[in-house]
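Be aware that the sequence shown starts at 1, since it is given in the UniProt record's numbering, and climbs by one per residue.
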Amino acid sequence: SLQDDASNHDEVIASLSTDIDSLTQSERKLEEEYQKIKTQGIGLTETLTPEQEAEYEQIREAAGIASASARAILAKEVRALEGARAKAASLSAELKEITGRREDASQSAKSLTDRRDKLSDSLKKVGAELKQAEKDLANVEKHAKQSTSKRDQIDSQIETVNSQLREAKDDKRRSKESEKLAAALEALKRHYPGVQGKLVDLCKPTQRRFNMAVTVAAGKNMDAIVVDTKATGYECIQYLREQRVGTATFLPLDSLKVPAPYTSERLRALEADGRYRLCADVITCDESIRKAVLYAVGNTVVCDDLTAARELCFGKDGKSDNKVKAVTLTGGVISKAGTMTGGLTEENARAAGRWDEKEITALKHKKDKLEADRAKTSFAPKITTLVSSSSLSNPSQLADELRNQVGNLKNREQYTKSDRTYTETKLKEQETLLNASVQQADKVQKNIDIAESAVSSANTEVEKARTAVKEAEDVVLQPFREKTGLNDLRAYDIAVGRAREDFMEKKQQLRQHRAKLESQLTYEDGRDFVTPVTALESRLSTIKGKLTKANKKEEELLKKSAKAKADLAQSESELQTATKEEKDSEKSVKDTQSKFAEMQGERMQVSKSMNGEDGELERLRGELHEILQKSRVEEVNLPHLKEGRKGGADDDMDENDDSSQATNDDSSQGTSQDSVNTKSTHFSQSDDRRVMKDKKDASTIDFSGLKGDLKARLTSDRDEKKIRSGFEQKLAKIHADLEAIAPNMKANDAFNKVGEKLKESGKDFEDAKVEARDAVAAFNKVKSIRAKTFNKAFSAIDTALKTIYRDLTKSSKHPLGGNAYLSLDDTDEPYLGGLKYNAMPPMKRFRDMEHLSGGEKTVAALALLFSIHSFKPAPFFVMDEVDAALDNVNVLKVCNYIRQRSGDNLQCIVISLKDMFYELSESLVGVCRDVGLGSSRTLTLDLSKYDAKDEDEEGGEGEKREGEVLEGGGKRARGVVA
1 SLQDDASNHD EVIASLSTDI DSLTQSERKL EEEYQKIKTQ GIGLTETLTP
51 EQEAEYEQIR EAAGIASASA RAILAKEVRA LEGARAKAAS LSAELKEITG
101 RREDASQSAK SLTDRRDKLS DSLKKVGAEL KQAEKDLANV EKHAKQSTSK
151 RDQIDSQIET VNSQLREAKD DKRRSKESEK LAAALEALKR HYPGVQGKLV
201 DLCKPTQRRF NMAVTVAAGK NMDAIVVDTK ATGYECIQYL REQRVGTATF
251 LPLDSLKVPA PYTSERLRAL EADGRYRLCA DVITCDESIR KAVLYAVGNT
301 VVCDDLTAAR ELCFGKDGKS DNKVKAVTLT GGVISKAGTM TGGLTEENAR
351 AAGRWDEKEI TALKHKKDKL EADRAKTSFA PKITTLVSSS SLSNPSQLAD
401 ELRNQVGNLK NREQYTKSDR TYTETKLKEQ ETLLNASVQQ ADKVQKNIDI
451 AESAVSSANT EVEKARTAVK EAEDVVLQPF REKTGLNDLR AYDIAVGRAR
501 EDFMEKKQQL RQHRAKLESQ LTYEDGRDFV TPVTALESRL STIKGKLTKA
551 NKKEEELLKK SAKAKADLAQ SESELQTATK EEKDSEKSVK DTQSKFAEMQ
601 GERMQVSKSM NGEDGELERL RGELHEILQK SRVEEVNLPH LKEGRKGGAD
651 DDMDENDDSS QATNDDSSQG TSQDSVNTKS THFSQSDDRR VMKDKKDAST
701 IDFSGLKGDL KARLTSDRDE KKIRSGFEQK LAKIHADLEA IAPNMKANDA
751 FNKVGEKLKE SGKDFEDAKV EARDAVAAFN KVKSIRAKTF NKAFSAIDTA
801 LKTIYRDLTK SSKHPLGGNA YLSLDDTDEP YLGGLKYNAM PPMKRFRDME
851 HLSGGEKTVA ALALLFSIHS FKPAPFFVMD EVDAALDNVN VLKVCNYIRQ
901 RSGDNLQCIV ISLKDMFYEL SESLVGVCRD VGLGSSRTLT LDLSKYDAKD
951 EDEEGGEGEK REGEVLEGGG KRARGVVA
C-alpha cells in the first residue's frame, strides 16, 4: 500500500494544484456575478463599488457608535412601554377575575336567599304539623285509656277460648308418652303459677303459608315449656325427675338472651323487598311471651323461595357473606355458616299441621268473633294527621306511629333550624365577599385607568427616542450620501443586503475549501515513504519465524488429539456396558416396587377392616356404658352372679357415687336425663378405666332369668326396636298404675324445701337491691363526671378548631377563611358514640370529608391536630411529610402557623421534602449512607447561627427586624427537617 502511494504521489499533488486553481477562478466568477447583480438586479441607478461598500461598513459602525446613547434611551423607553402594557394587561386580568368572583358571590347570595326563604316556609309548615300531631296524640292516648277496661272483659273470654284451643290441639294424635307429658304439664301449671305452657300453644303464625317456615325456624324450641323464672324451671325439672315422667325443655323468661333490637331493625328493613320477612314478625303471641318467641326463632328471615334465600345469604354475585339464617316457605334452611338443608320430613309436616286441624275450626270461629268484638271496642278516634291505613284500626299502633311522627317532626324542625342558621351564616359571608369584590373592582379599575395613561405617555417617549436615534445617525451618514449620491442608504441596504449576504457566504465557503486543499497539498509535499517501508519489511521477517514455530506446535497437538480420540472411544464402550447394567437394575427395582405396592394395598385393606371392627367395638362399648349408666341413674337392680357380687361392693359404691354426681350435674344443667347419657371419648382404648369397669360389671350380670327369645342374638335393628317398644309399653302401663294408686308422699318435703329456698332468695333479693342501688349511684356519679370532662374537652377543642382552621385557610382573596366544626352522634352519652368532623374550605359548599381533595384533607387534619394540642399541649410533634399534598401557598401557611405557635414548651420535628420547611426551620438533620462503614449516618446543620451572622452584618436594621419577629410570634419554629 505504501509503494502504491509512493508511485501515485506526483499525480495527487498535481490533482490538488488543479483543484486550488479551479476554486480561485470560481471566486473571481462569483465576484463578477455579484457586481452584475448590483448593477442590474436591484433596480437602483446608483450602486457602490467594493471599495465604497467597505467604506460604508466603517461609516455605519461609526453611526452606531454615535447613536449609542440615543439607542440606549430608546431601549429604556421601549422597556418602559412594555412594562406599562404588561401592567395594564395584568390589571385587566385581575379585574376579570374579580368580576367573575363578584358574579359567583352574587349568584351564591341569591341561591342562599332563596334557600333561606324556603327553609323558613318549611319551618312554619313543620311547626303546624307538629302542633297538630301532638294534639292528635293526646286524643288517641286519652281514648286508649277509656277502651282498656272494655278490652279486659273480652280478654278473659278470649283466654278461655285459647285454653280450649290448646287442649284440642293436645288431644289430636296424642301418644301415651305425650299424654303423660301433657298431664305433667297441667300438674306443673297447678303447682307452679309461673308455668305458661308450651310455646306452640302460646303462639301461631299470622298466615297458614308461614306454618312450615315457623316450625323449621323454631325447631325443638317449639315444644319447649315457657316459665317465668329460672328457679321455676329448676323446680319443674325436679318434679319431672321425681315423677319419672320424661324429659322436657324449659324457657325461663327472666334469663333468655334474645337478639339485640338494632340487629332486628336492620333485618326488618328487608321487608321493603316483599320477598323477606323477619320470622318473629309473622308470629302472633302475647307480649308477655314475646321474649320466648324471639329466643326460639332469633333473627331468622323467612324467604318466599330458595332463590331469594340464596340472594340474601350469598348475594347476587355469590360473593356476599351475610351471617343470616334464612328459611323458605317450603322448609328449606340456609344457616349462618352457609350450609343448606332442604327436603320435607313427615315429622316436620305433622308439626306444621298443628295449626291447621279441623277439630278446632269451631273454636277459631268463636275466637274470631270475640276478637272482632274486641276490635270494635278498640277503634281509633278520628285524627287529621296522615298515618298508615293499618294503624287506624289499632290504637296502640296508632299512638306509636303518632309518637314516631312527633319525634320525626321535632328532629326535622331542629335540623331545619340548624340548616337555616347555617344558610344565614353563609349568606352573610357571601354578602361580605360580594361587597369586598365590588370595592376591589373599583380599586383595580382606577389602577387600569392610571396604567393606560402610562402606556400613552410611554408611546410618546418612544417616538421621541426614535427621532433622536435617526438624527444622530444622519450626522455621520450625510457626508457619505453626498459623496456617493445615494440619498436613501436604508433602501440600498434593503435592496443589496440579501445579495451581499449570499455573496459573502459563498465566498467564505470557497475560501474555506481552498484553505483545506492547500493544507492537504502542503502535507503531501512533506510526506516520507522510505522509512515506513523499511519498518514493514523488518516486521514481515519476524512474523515468518513465528509462523514456522506455530507449524511445529500444530503437528504435536494433532498427535495428542489422535491419542485422546482413542481414549474416548474406549470410554464410550465402557459407558454402554454400564448403561446396560443400569437398565437391568432398574427393571428389578420396578418389579420389587410393584410387589411392595400390592403388599401395601393388602395392608390398607386389612387396616380398614381393623378400623371398622374397632369402630364397631367402640360403639358397642358406648352402648354398654350407656345401658349400665342408665340402670344406675334409674335405680334398676340388675341381677348379678353370686361370685361377682361378693367382690363388687367397692365397685357398686363407685357406681353410686358416679350416679349421684351425674344426677347433680343434670340438675345444674336444667334437664332430667340428657346429662346422664354422657358420651366418653375413650371407648376406643381397651385399657381405659371406664371400659374395664363396664367390662367387669357386664361379666357379673346374670342372664339366666331372661326368656329364650331375649337371649337370642338380634339380627337387625327392627327386632331391637320391636322388643324395646314392648318393654316401654309395659313400663308406661306400670307407671300409670303407680300414679293411679299411690299419692305423692314427698310433696310435704318438697314444700318445706321450697319454703326455705324462698326465705333465702328473699334475703338475697333485698341484699342485691341495696347493692344495686349503691352501684347505680356510683355509676351515675362516674357517668356525670365522665360526661362533664368529655364535654369540657369537646367544647374547647371545637372552639379552637374553628379559629385554627380559619387561620390556616385565610388569604387575601378569602379574608374570612373556611369553616370547620365537630358534632356528636350521642349528646346524652357522648363518649359512647362517635364524632363527625366537617370542614368547608373557602368558596366551597358543604360536602363529606371523603369528597375533599388531598390538600384540603391535610389542612383539615392539621387543624384538628393543633386544636387538640391547644387543650392538652404535648412536648413535641413528629410530622411525617404532612405537606405532601399541599401546594406552596398552603405549605407557607402551615410553616407560619407552626412558627407562631412554637415556643419553649413545644418542638416540631418535621420530615419534609419542601424547601420552604428547610428555610424556616431552626436546624436540619439529614440521613445518608456511609459507604465506608456500610451503615447509615446523620448530618446536622444549625441554621440559627447563620441568621445571627446575617443580623450582625445588617447592623441596626437587622436588630430592629429581630425585635419585630420576637414581638410578632416568638422565636423561629423549632423544627428538625429531614
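Note that beta-carbon positions come from the ideal geometry of N, C-alpha and C, so glycine has one too.
Values in this document were obtained by computation on a predicted structure and should not be read as measured data.
- By the Cβ test, the segment 847 to 854 is not in contact with the segment 757 to 775, since fewer than three Cβ pairs between them sit closer than 8 Å.
- Taking C-beta separations shorter than 6 Å and ignoring five residues to either side along the sequence, the partners of I334 in its chain run A309, C313, A326 and M340, following chain order.
- Where L251 is concerned, the enclosing beta strand (DSSP E) starts and stops at F250 to P252.
- When the Cα atoms are used, L306 and A138 turn out to be separated by approximately 46 Å.
- DSSP lists C203 as the bridge partner or partners of C285.
- For Y837, the pairing in a beta bridge is given by DSSP as L822.
- For E242, the closest of T99, V633 and Y422 by C-alpha to C-alpha distance is V633.
- The straight-line gap separating the alpha-carbon atoms of E452 and Q439 is approximately 20 Å.
- H640 carries a strand assignment under DSSP once its states are collapsed to helix, strand and coil.
- Less than 8 Å divides the Cβ of L427 from the Cβ of T113.
- As a beta-bridge residue in DSSP terms, A326 pairs with V301 and I334.
- Taking the Cβ atoms as the reference, G194 lies roughly 6 Å from T229, within the contact range of under 8 Å.
- Cβ contact annotation for T858 (same chain, cutoff 7 Å, sequence separation greater than five): V882, A885 and L886, in chain order.
- Apart from the 5 residues on each side of it in sequence, R209 sits with its Cβ closer than 7 Å to the Cβ of L329 in its chain, given in chain order.
- The DSSP-derived three-state label of D719 is helix.
- Shown here for L801: same chain residues with a beta carbon closer than 8 Å to its own, the five before and five after excluded, namely A820, Y821, L822, A863, L864 and S867 in chain order.
- The three-state reading of DSSP puts T940 in strand, counting E and B together.
- By the CB criterion at 8 Å, P842 and E856 fall outside the cutoff.
- In the three-state scheme derived from DSSP, where H, G and I count as helix and E and B as strand, T341 is classed as strand.
- In terms of Cβ geometry, K872 and L808 do not form a close pair [threshold 8 Å].
- In the DSSP secondary-structure assignment, G197 is bridged to V226.
- Relative to E473, the option among I65, V691 and S519 whose CA is nearest is I65.
- Excluding five sequence positions before and after R115, the CB atoms of its chain that fall closer than 7 Å to its own CB belong to T423, given in chain order.
- One thing to note: Q132 has its Cβ within 8 Å of the Cβ of T385.
- When secondary structure is reduced to three states using DSSP, G64 falls in the helix class.
- Here the alpha carbon of D942 sits roughly 39 Å from the alpha carbon of Y837.
- Counting the other Cβ atoms within 10 Å of the Cβ of M212 gives 16 or more, which makes it buried.
- Per DSSP, the continuous beta strand (DSSP E) segment holding F877 begins and ends at F876 to D880.
- Closest in C-alpha terms to E31, from the list T416, E505, A62 and D764, comes E505.
- Taking 8 Å as the cut-off, the beta carbon of V889 is found no closer than this to the beta carbon of K914.
- Taking each of S26, K443, M692 and C236 in turn and checking the Cα distance to L95, the smallest one comes out for K443.
- I898 and E431 have their C-alpha atoms spaced approximately 32 Å apart.
- In the three-state reduction of the DSSP assignment, G926 falls in the strand class, which pools E and B.
- N299 is classed as buried because its beta carbon has at least 16 other beta carbons within 10 Å across all chains shown.
- Secondary structure of Y192 (DSSP, three-state): coil.
- Three or more Cβ pairs drawn from the segment 777 to 788 and the segment 823 to 831 lie within less than 8 Å of each other, which places the two stretches in contact.
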